Amino acid sequence: MSGTAAGLEKARRDKLLKIAALGIDPWGSRFDGAQPIADVRHLGEPLRRAEGEPAADDGPTVRVAGRIMLLRSAGSLVFISLADRAGRIQIMLGKKQVGPDAWKLVDCLDLGDLIGIDGRLGYSKTGEMTVFATAITFLTKSIETPPDKFHGLVDAELKQRMRYVDLIHGEGVRERFIARSRIVASVRQTLFDRGYLEVEGPTLQDSAGGAAARPFKTHHNALDMPLVLRIALELHLKRLLVGGMERVFELGRVYRNEGVSPRHNPEFTMLEAYEAYGDYATMMDLTEAIIRDAAKVAGTPSTVHWMGHAIDLAKPFRRATYDDLLREVVGCDPTDPASITTAAAALGIDTAGRHPDVVKSDLFEATCEGTLSAPTFVIDYPAAICPLTKRKSGQPHLAERFELYVAGMELANAYTELNDPDLQEELFRTQLAGLASDESMARMDTDFIRALRHGMPPAGGLGIGIDRLVMLLTQSASIRDVILFPIHRPQSEG
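Take 8 as the starting number for the sequence shown in this note's numbering and just add one per residue.
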């Protein structure tokens with residue numbers, strides 16, 4: 008701690024002692040009846056006065072509580088900007104109005120302190136809506152000095168490490184996370200309105216399944232067994248389809264022991280939804296409904312300007328096949344392995360000894376994804392890279408799968424779910440044979456195969472990255488801006 012910081016903290020601690028000496032608890036207690044500041048401001052609108060008119064406190068009696076954001080003294084008057092979850096309002100404290108005992112407390116106030124105010128609503132002579140205080144209640148002392156009032160926290164990593172400070176002082180930060188909460192609630196409501204049931208699958212699992220990703224590993228001491236944190240929600244939800252729960256979804260945390268980027272965090276929120284007797288086209292319609300409904304509650308305009316893209320969410324989303332996009336963007340023949348290999352090699356993509364569809368996938372990622380600015384359902388993927396997906400009727404080399412891209416970013420992934428237990432077991436074995444033993448605890452999920460043998464109805468399944476959806480709808484540049492507490496390396500205490 009610097010000398011300046013230590014001095015500022017000492018000054019605040021001295022005031023804390025003075026508050027205690029006044030017989031006041033500097034950590035406060037219950038404060039009933041406080042009105043949201045937004046409601047108080049609504050009450051004050053009919054009383055509005057023009058600048059230059061005499062100050063007046065002829066409005067209703069109000070009670071508010073919040074944090075001191077600005078504080079200035081003018082002789083026997085103190086003006087405070089008080090903020091709560093709903094807004095800000097000016098408070099005027101006068102020595103005559105609150106009395107000499109309370110005025111001793113006013114001398115101990117600092118930026119960041121939490122107080123309660125009783126008073127009458129009116130307007131100052133500058134035309135500012137004001138609560139003219141008649142009583143003050145001290146609620147909590149802030150020992151830390153807040154950041155510069157004009158700039159708040161500037162360092163991006165510090166904002167994320169000290170999210171509590173960023174929420175207090177960062178421009179639009181609290182509103183962004185309120186929007187996130189509304190988006191998540193909207194996703195749930197859209198699914199509830201369509202007859203879906205919300206369920207909860209296990210976070211700790213004995214094997215990693217449902218996605219190709221490296222898991223976090225742990226150990227259960229009492230049972231003396233290795234476990235992993237789940238990398239997907241899929242396999243347990245599909246067991247529920249077998250059990251007769253025909254429309255199910257889960258909104259939950261998923262954990263992948265992989266890289267960090269503006270679009271990736273090791274801990275993230277996924278929606279997965281499954282509908283019996285549907286297919287991937289069913290899921291396309293559901294995806295559009297979820298996104299449009301969420302955009303409405305978040306207050307997102309129909310055309311979103313984000314990451315250099317103008318994205319029209321009102322128009323029906325484009326649908327384009329995987330192969331057609333490769334023809335359009337790369338100019339190769341996606342049905343010819345030699346053409347794919349030549350195009351991939353020209354871009355430096357490794358082709359030696361690799362399955363042509365895996366090479367095709369790398370080529371698509373390198374060339375096509377970034378071109379998909381408008382919302383686009385990319386459909387009909389190579390079957391070899393889709394082990395949980397039903398093959399397209401009459402075209403078994405293709406899988407009934409889509410990924411939704413917006414502004415070059417994958418936002419959703421969906422299948423017509425594979426429900427043939429024998430084919431599923433065969434594909435699992437093929438997939439497991441290609442995994443490095445040090446990268447996964449994946450194994451054959453024999454219980455899932457057994458569940459399929461009891462009969463899983465034809466179904467559509469959908470996954471949406473909620474954090475990425477919030478990025479889009481709040482026009483945020485990084486996934487770390489929409490996760491309250493993203494992962495960081497430990498900070499030095501030195």
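Glycine included, every Cβ here is placed at the ideal spot set by N, Cα and C. Model, not experiment: these values are computed from the prediction.
Asked: Indicate the three-state DSSP secondary structure (helix, strand or coil) for methionine 252 in the structure shown.; Found: coil
Asked: Candidates Met463, Leu418, Val489: which alpha carbon is nearest glycine 472's?; Found: Leu418
Asked: Using C-beta distances below 7 angstroms, list every residue in its chain close to isoleucine 347, excluding the 5 sequence neighbours before and after it, in chain order.; Found: Cys339, Pro341, Pro363, Val366, Lys367, Leu370
Asked: Along the chain, where does the alpha helix (DSSP H) that runs through serine 80 open and close?; Found: Not the alpha helix (DSSP H): serine 80 falls in the beta strand (DSSP E), residues 68 to 81.
Asked: Taking just the CA atoms, how far does glutamate 424 sit from phenylalanine 455?; Found: 13 angstroms
Asked: Leaving out five residues before and five after glutamine 482 in sequence, what residues of the same chain have Cβ atoms less than 6 angstroms from its Cβ?; Found: Trp313
Asked: Between alanine 503 and glycine 126, is the Cβ-Cβ spacing less than 7 angstroms?; Found: Any property of residue 503 remains undetermined from this structure, which presents the chain solely from 8 to 501.
Asked: Would you list, in sequence order, the uninterrupted alpha helix (DSSP H) runs of no fewer than 4 residues that lie entirely inside the segment 280 to 364?; Found: 287 to 305, 329 to 336, 344 to 353
Asked: Indicate the three-state DSSP secondary structure (helix, strand or coil) for alanine 391 in the structure shown.; Found: helix
Asked: Looking only at C-alpha atoms, which of Ser83, Ile150, Leu476 sits nearest to glutamate 16?; Found: Ile150
Asked: Using the rule of at least 16 other Cβ atoms within 10 Å of the residue's Cβ for burial, across every protein chain shown, is serine 131 buried or exposed?; Found: buried
Asked: Alanine 192 lies in the alpha helix (DSSP H); which residues open and close that run?; Found: 180 to 200
Asked: Tell whether a beta-carbon distance below 7 angstroms holds between arginine 326 and phenylalanine 384.; Found: yes
Asked: Cβ atoms of methionine 99 and threonine 137: under 7 angstroms apart, would you say?; Found: yes
Asked: Could you check where the beta strand (DSSP E) with valine 47 kicks off and where it finishes?; Found: Unbroken run through valine 47 is the alpha helix (DSSP H), 44 to 51; no beta strand (DSSP E).
Asked: Can you name, in chain order, every residue of its own chain whose Cβ lies under 6 angstroms from the Cβ of glycine 377, other than the five neighbours on each side?; Found: Gly415
Asked: Under 6 angstroms Cβ to Cβ from alanine 283, same chain only, skipping five residues before and after it: list those, please.; Found: Leu248, Glu253, Pro464, Ala466
Asked: Which runs of the beta strand (DSSP E), 3 residues or longer, sit entirely within the segment 197 to 245?; Found: 224 to 227, 232 to 236
Asked: Quick one: what's threonine 147 bridged to in DSSP?; Found: Leu121
Asked: With DSSP run on the structure shown, which of helix, strand or coil describes glycine 63?; Found: Looking at the sequence shown, residue 63 is not glycine but alanine. Reduced to three states, the DSSP call for alanine 63 is strand.
Asked: Got a sec? Which residues, its chain only, sit under 7 angstroms from alanine 90 by beta carbon, not counting five neighbours each side?; Found: Gly73, Arg74, Met76
Asked: Lysine 103 by DSSP, collapsed to three states: which one?; Found: helix
Asked: Mark methionine 290 as exposed unless 16 or more other C-beta atoms lie within 10 angstroms of its C-beta, in which case mark it buried.; Found: buried
Asked: When the Cα atoms are used, what is the spatial distance from glycine 14 to proline 209?; Found: 50 angstroms
Asked: Which residue's Cα is closest to the Cα of leucine 128: Thr144, Thr152, Ala62, Gly82?; Found: Ala62
Asked: I want to know whether the segment 25 to 34 touches the segment 105 to 115 - three or more CB-CB distances under 8 angstroms.; Found: yes
Asked: For tryptophan 258 versus lysine 148, is the C-beta spacing smaller than 7 angstroms?; Found: The sequence as given places leucine at residue 258; tryptophan does not occur at that position. No, the pair does not count as a contact, with Cβ atoms beyond the cut-off.
Asked: Just curious, the beta strand (DSSP E) that methionine 169 is in, first and last residue?; Found: No beta strand (DSSP E) holds methionine 169; DSSP gives it neither H nor E.
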